[in-house]
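Chemist: Residue numbers (our numbering): 3 to 329. Questions regarding the structure given below will be posed in turn.
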């Protein structure tokens, strides 16, 4: 027995080294250990790149290359940089993102697919499926998984809140039933805030905007606080989020949830104009706002917009990062 142990030591050591190498690679690539060989091949041997010709990506995706399927799906969405976009087609994007998630359990693909199910992009709305996929992505540390799971819990909380407080009380409804429903509502609220909080801390603009909406509403676990909501929108805008910049411009122009300030409305409109693909509407609002400002106010707002833009990630880097499967 001792002789067998002595002879087998090199093999045991080799096995341990291979296991540790596979485990570390699995962690680095964010895929299950059983998927490491295919993932290494897809990334480093097959040489699939996000900017490969569309037909080449299509062919490789149909042959089972998960990275090609992931890129091919994203290049059919508005999420993709315009210079790489093939054509916007949510149904096709869903089909190939489902292929990417199903073939490799890739966490980013699972999280994106969850978002499709949640928002009915290219498929029917399916909250349960969205939660399942988002939970899988979250378990692997994917930030978007936290954000989508948080939004799923938020949707459930909003539904329970409406049933409990905004609809007439059903006749014969017991105190026990109502107590149980209140506990369910509280659990959904806390799950939403917990997951969205993690995603927001890691810089997810979608989570920041959802938290802003929660503070604007003031009914789901957080007090109404328009100033704090505005700060959340600002952090989202500084992540190069066009919609957040537009929301800030509208808030300051309308003066309903913050003190009206046409100078700040103008500054955020200038930011929105830099982030927008379709520039016609923000350009129109920019020109309209300019007529109500003095020269000094315009120059001050332009300087402020320049400072905000300088704080943002570089446009090219941010655009390419959208396609990163490890994001």
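We put the beta carbon where it would ideally sit given N, CA and C, even for glycine.
Could you give the first and the last residue of the continuous alpha helix (DSSP H) run that contains residue 191?
Modeler: Residues 177 to 203.
Chemist: Drop a sphere of 10 angstroms on the beta-carbon of residue 65, count the other beta-carbons inside from all chains shown, and report buried for 16 or more, exposed for fewer.
Modeler: Exposed, since its Cβ has fewer than 16 Cβ neighbours within 10 Å.
Chemist: Taking the alpha carbon of residue 278 as the reference point, which residue from 59, 81, 139, 49 has its own alpha carbon closest?
Modeler: Measuring from the Cα of residue 278, the nearest candidate turns out to be 81.
Chemist: Output the boundary residues of the alpha helix (DSSP H) element that contains residue 109.
Modeler: 109 to 121 is the extent of the alpha helix (DSSP H) around residue 109.
Chemist: Helix, strand or coil, according to DSSP, for residue 281 in the structure here?
Modeler: Looking at residue 281 - three-state DSSP - the assignment turns out to be coil, as it is neither helix nor strand.
Chemist: Please state the DSSP three-state secondary structure of residue 306.
Modeler: Three-state DSSP puts residue 306 in a helix.
Chemist: Near residue 240, what residues of its chain come up, given a Cβ to Cβ distance below 8 Å and the 5 sequence neighbours on each side ignored?
Modeler: Only 310, 313, 314 meet the Cβ criterion.
Chemist: Which residue's Cα is closest to the Cα of residue 184: 77, 78, 164?
Modeler: Among 77, 78, 164, the Cα nearest to that of residue 184 is on 164.
Chemist: Mind checking which residues open and close the alpha helix (DSSP H) that includes residue 253?
Modeler: Its alpha helix (DSSP H) spans residues 244 to 256.
Chemist: Evaluate contact between the segment 120 to 130 and the segment 138 to 146, counting only Cβ atoms and requiring at least three cross-stretch pairs below 8 Å.
Modeler: Segments in contact, no.
Chemist: Spell out a yes or no on whether the segment 219 to 233 and the segment 265 to 277 are touching, meaning 3 or more CB-CB pairs, one atom from each, closer than 8 Å.
Modeler: Short answer: they don't touch.
Chemist: Count the other C-beta atoms from every protein chain shown that fall within 10 angstroms of the C-beta of residue 152, then say buried if there are 16 or more, exposed otherwise.
Modeler: Answer is buried; the Cβ neighbour count reaches 16.
Chemist: So, is residue 258 buried or exposed, given that buried needs 16 or more other C-beta atoms within 10 angstroms?
Modeler: Residue 258 should be labelled exposed.
Chemist: Alpha carbon to alpha carbon, how far is residue 253 from residue 245? Give it in angstroms, no decimals.
Modeler: Those two C-alpha atoms are separated by around 12 Å.
Chemist: Looking only at its chain, what residues have a beta carbon closer than 6 Å to the beta carbon of residue 103, apart from the 5 residues adjacent to it on each side?
Modeler: Same-chain partners within the cutoff: 111, 112, 115.
Chemist: Contact check, residue 118 vs residue 63 under 8 Å by CB: the rounded distance?
Modeler: Contact doesn't hold; Cβ gap of about 17 Å is too wide.
Chemist: Which value, in whole angstroms, describes the spacing of the CA atoms of residue 191 and residue 100?
Modeler: If I take the Cα positions, the gap works out to 29 Å.
Chemist: Measuring straight from C-alpha to C-alpha, what distance separates residue 61 and residue 160?
Modeler: So the two alpha carbons sit approximately 43 Å from each other.
Chemist: Report all residues from its chain with a CB closer than 7 Å to the CB of residue 267; omit the five preceding and five following residues, and keep chain order.
Modeler: Excluding positions up to five away in sequence, the list reads 251, 254, 255, 291.
Chemist: Apply the 10 Å Cβ neighbour rule to residue 327 and answer buried if 16 or more other Cβ atoms are within range, or exposed otherwise.
Modeler: That one is buried.
Chemist: Can you tell me whether residue 108 is buried or exposed? The criterion is at least 16 other CB atoms within 10 Å of its CB, across all chains shown.
Modeler: Label assigned to residue 108: buried.
Chemist: Reducing DSSP to helix, strand and coil, say where residue 313 ends up.
Modeler: Note: residue 313 maps to helix in three-state DSSP.
Chemist: Would you please state the rounded distance, in angstroms, between the beta carbons of residue 105 and residue 71? I believe it to be under 8 Å.
Modeler: About 7 Å; that satisfies the 8 Å criterion.
Chemist: Let me know the secondary structure DSSP gives residue 322 once reduced to three states.
Modeler: DSSP places residue 322 in helix when its eight states are reduced to three.
Chemist: Once you ignore the five residues that flank residue 193 on each side, which residues in its own chain have a CB closer than 6 Å to its CB?
Modeler: The residues are 155.
Chemist: Just verifying my parser: in three-state terms, what is the DSSP assignment at residue 65?
Modeler: Of the three classes helix, strand and coil, the one that applies to residue 65 here is coil, per DSSP.
Chemist: Compute the Euclidean distance between the alpha carbons of residue 276 and residue 83, then round it to the nearest angstrom.
Modeler: Rounded to whole angstroms, residue 276 to residue 83 spans 14 Å at the Cα level.
Chemist: What span of residues does the alpha helix (DSSP H) with residue 2 cover, start to end?
Modeler: A query on residue 2 cannot be resolved here, the shown segment of the chain reaching from 3 to 329 and no further.
Chemist: Using the C-alpha atoms, what's the distance from residue 137 back to residue 157?
Modeler: C-alpha separation (whole angstroms): 15 Å.
Chemist: Taking the alpha-carbon of residue 93 as reference, which of 86, 68, 69, 121 has the nearest alpha-carbon?
Modeler: Of 86, 68, 69, 121, the residue nearest in Cα terms is 121.
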